[in-house]
Amino acid sequence: LMFSRASASLSRGLRIAQMLGLHRLDSPRQTMISTLPPPEDWCELEERRRTWWVIFCSDRFVSGVTGWPALIHEKDVATLLPASDDSFEQGLEEETGLLADALQGTLAYSSFAGKILSAYVYHKTLDHTFQTSPGDSPEDVKNGPYWKRHREIDSHLHNLIMYLPERLRLPQNAKDNNALFFTISIYSSTICIHRAALAKVREFDLPGSMFLWSKLRLLPAADEVVNALKLAVDIQSILLDHYVAFSAYLVALVFLESYKELPSQRSQSSLEFLLSSLVACGRQDLFTRSLALQLARGMTQCEVRSSALAEVLRFGFLY
Numbered sequence: 001l002m003f004s005r006a007s008a009s010l011s012r013g014l015r016i017a018q019m020l021g022l023h024r025l026d027s028p029r030q031t032m033i034s035t036l037p038p039p040e041d042w043c044e045l046e047e048r049r050r051t052w053w054v055i056f057c058s059d060r061f062v063s064g065v066t067g068w069p070a071l072i073h074e075k076d077v078a079t080l081l082p083a084s085d086d087s088f089e090q091g092l093e094e095e096t097g098l099l100a101d102a103l104q105g106t107l108a109y110s111s112f113a114g115k116i117l118s119a120y121v122y123h124k125t126l127d128h129t130f131q132t133s134p135g136d137s138p139e140d141v142k143n144g145p146y147w148k149r150h151r152e153i154d155s156h157l158h159n160l161i162m163y164l165p166e167r168l169r170l171p172q173n174a175k176d177n178n179a180l181f182f183t184i185s186i187y188s189s190t191i192c193i194h195r196a197a198l199a200k201v202r203e204f205d206l207p208g209s210m211f212l213w214s215k216l217r218l219l220p221a222a223d224e225v226v227n228a229l230k231l232a233v234d235i236q237s238i239l240l241d242h243y244v245a246f247s248a249y250l251v252a253l254v255f256l257e258s259y260k261e262l263p264s265q266r267s268q269s270s271l272e273f274l275l276s277s278l279v280a281c282g283r284q285d286l287f288t289r290s291l292a293l294q295l296a297r298g299m300t301q302c303e304v305r306s307s308a309l310a311e312v313l314r315f316g317f318l319y
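For the sequence shown, counting from 1, position 276 maps to 276 in UniProt numbering; every step adds exactly one.
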């Protein structure tokens with residue numbers, strides 16, 4: 001119900017933004033008569049850009065979580081990414097670029113723009129993972145559309161990690177929630193796309209080298225998410241974002257699978273941290289509580305010892 005209401009409100013807000021031309025603020029060719037007067041200065045133009053990108057992020061996250069089609073097609077967007085918060089607050093004009101430039105690693109971008117990029121790649125990843133079509137040909141590794149999309153998304157993720165701006169790097173920017181969110185989102189997307197790849201490799205009996213390559217990507221990505229969560233000043237407030245909570249659960253599944261194959265202190269410690277964090281947040285949030293419940297059941301079945309399991313029982317989560 002919450003997502004239905006959010007989507008209805010988003011749809012109305014998006015159409016108004018398009019009527020105002022916020023999606024094509026920096027297009028050299030204006031294909032429609034502007035309903036807004038020209039901005040008085042750079043600050044007003046930047047404010048319009050930021051308004052548009054907030055709507056864009058909302059569309060990507062709502063459609064990603066629900067599985068509904070996205071309302072915005074990126075090919076229709078000709079608005080530059082937002083500048084840094086400091087430049088905007090001080091009224092100092094700052095050059096930025098387009099979404100496509102940032103994805104290729106040819107552009108330094110702000111922490112807000114980092115959240116936009118992570119939202120874009122996150123949606124691409126989920127759409128690729130869960131929305132299959134008859135012509136995907138996952139058995140054709142070289143020319144099949146499925147694997148072409150896989151390589152494109154993996155390349156975007158690689159570029160975002162390799163060319164990460166200084167303002168988004170951890171641990172030095174741990175107090176910036178955008179930096180934390182970016183790291184969590186990018187590595188969660190990495191986990192998502194390679195878990196899907198492993199499933200396809202098993203299903204179609206594809207070369208073992210592909211299986212090994214994707215499997216080797218999972219634990220390092222999971223470690224990065226756990227490290228980011230540990231840096232959070234207030235982890236409960238971070239986990240109240242349902243996307244972050246789901247990412248924590250997704251990461252826990254990686255450690256759980258690793259523990260089933262080869263029990264280790266590394267996996268057990270990470271699982272205990274993730275479960276205790278979800279339990280603490282789950283006291284006030286039903287969605288996070290349900291994730292804690294599912295993780296606790298999985299840990300119990302795999303005989304993973306954790307003091308956090310007692311907390312799940314104490315709060316009546318488990319049964």
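Yeah, the Cβ is synthetic: ideal placement off N, Cα and C, and Gly gets one too.
Checklist entry - Skipping 5 residues on each side, what residues in its chain have a beta carbon closer than 7 Å to that of His194? => result Beyond the five residues adjoining it in sequence on each side, His194 comes within less than 7 Å, by CB distance, of Ser214, Arg217, Leu218 in the same chain, given in chain order.
Item to check | alpha helix (DSSP H) segment containing Ile153, residue limits | outcome: Its alpha helix (DSSP H) spans residues 145–162.
Checklist entry - When DSSP labels each residue in this structure, what does Asn227 get in the three-state scheme? => result Helix at Asn227.
Checklist entry - Thinking just about the alpha-carbon of each residue, which of Glu311, Arg305, Thr183 is nearest to the one in Leu293? => result Residue Glu311 is the option with its Cα nearest to Leu293.
Checklist entry - Can you list the alpha helix (DSSP H) stretches of 4 or more residues lying completely in the segment 240–280, in chain order? => result DSSP runs (the alpha helix (DSSP H)) wholly in the segment 240–280: 242–261.
Checklist entry - Thr190: which of Ala70, Gln18, Glu166, Ser247 sits nearest, CA to CA? => result Checking every option, the nearest Cα to that of Thr190 belongs to Ser247.
Checklist entry - Is DSSP giving Arg283 helix, strand or coil here? => result Look at Arg283 here: in three-state DSSP terms it is coil, with no helix or strand label.
Checklist entry - Once you ignore the five residues that flank Ala179 on each side, which residues in its own chain have a CB closer than 8 Å to its CB? => result Cβ within range, chain order: Ser111, Gly114, Arg167, Leu168, Arg169, Leu170, Asn173.
Checklist entry - Are the Cβ atoms of Leu295 and Leu278 separated by less than 8 Å? => result Taking 8 Å as the Cβ cut-off, Leu295 and Leu278 qualify as a contacting pair.
Next on the checklist: Quick check on this structure: which residue in Ser34, Tyr146, Ser27 has the alpha carbon closest to the alpha carbon of Gly97?
Outcome noted: Here the closest residue by C-alpha is Ser27.
Next on the checklist: Considering only their Cβ atoms, is the gap separating Ala102 from Tyr109 smaller than 8 Å?
Outcome noted: For Tyr109 and Ala102, yes; Cβs fall inside 8 Å.
Checklist entry - Touching or not, the segment 49–60 and the segment 70–88, by the rule of three or more beta carbon pairs under 8 Å? => result These segments touch.
Item to check | Exposure of Tyr319, with buried meaning 16 or more beta-carbon neighbours within 10 Å | outcome: Here Tyr319 scores only 46 on pLDDT, less than 50, and its place in the model should not be relied on; the value that follows carries that caveat. Residue burial annotation: Tyr319 is exposed, with fewer than 16 other C-beta atoms found within 10 angstroms of its C-beta.
Checklist entry - Taking DSSP as the reference, what is the three-state secondary structure of Tyr319? => result Confidence in Tyr319 is poor, its pLDDT being 46 and thus under 50, which makes the residue's placement unreliable; the coordinate value appears in the next sentence. If DSSP states are grouped into helix, strand and coil, Tyr319 belongs with coil.
Checklist entry - Taking three-plus beta-carbon pairs below 8 Å as touching, is the segment 121–129 in contact with the segment 146–159? => result Counting Cβ pairs under 8 Å, three or more are found: they touch.
Checklist entry - According to DSSP, is Asp140 helix, strand or coil? => result Three-state DSSP puts Asp140 in coil, outside helix and strand.
Checklist entry - Roughly how many whole angstroms lie between the Cα atoms of residue 377 and Ala222? => result In this structure the chain extends from 1 to 319, so residue 377 is not present and cannot be described.
Item to check | Nearest neighbour of Ile291, chosen from Ala228, Arg202, Asp241, Asp136 [CA to CA] | outcome: The sequence shown places Leu at residue 291, not Ile. For Leu291, the nearest C-alpha among the options comes from Asp241.
Checklist entry - Can the beta-carbon of Val225 be found less than 8 Å from the beta-carbon of Val251? => result A contact, by the Cβ cut-off of 8 Å.
Checklist entry - Anyone know if the C-beta pair for Leu206 and Val141 falls short of 8 Å? => result Against a cut-off of 8 Å, the Cβ pair of Val141 and Leu206 comes out as a contact.
Item to check | Glu166, DSSP secondary structure in three states | outcome: Note: Glu166 maps to helix in three-state DSSP.
Checklist entry - With respect to the alpha helix (DSSP H) encompassing Ala196, which residues constitute its N-terminal and C-terminal limits? => result Note, Ala196: alpha helix (DSSP H), 177–204.
Checklist entry - If you run the structure through DSSP and keep just helix, strand and coil, what is Gly105? => result Correct three-state label for Gly105: coil.
Item to check | For Cys43, the first and last residue of its enclosing alpha helix (DSSP H) | outcome: For Cys43, the enclosing alpha helix (DSSP H) covers residues 42–66.
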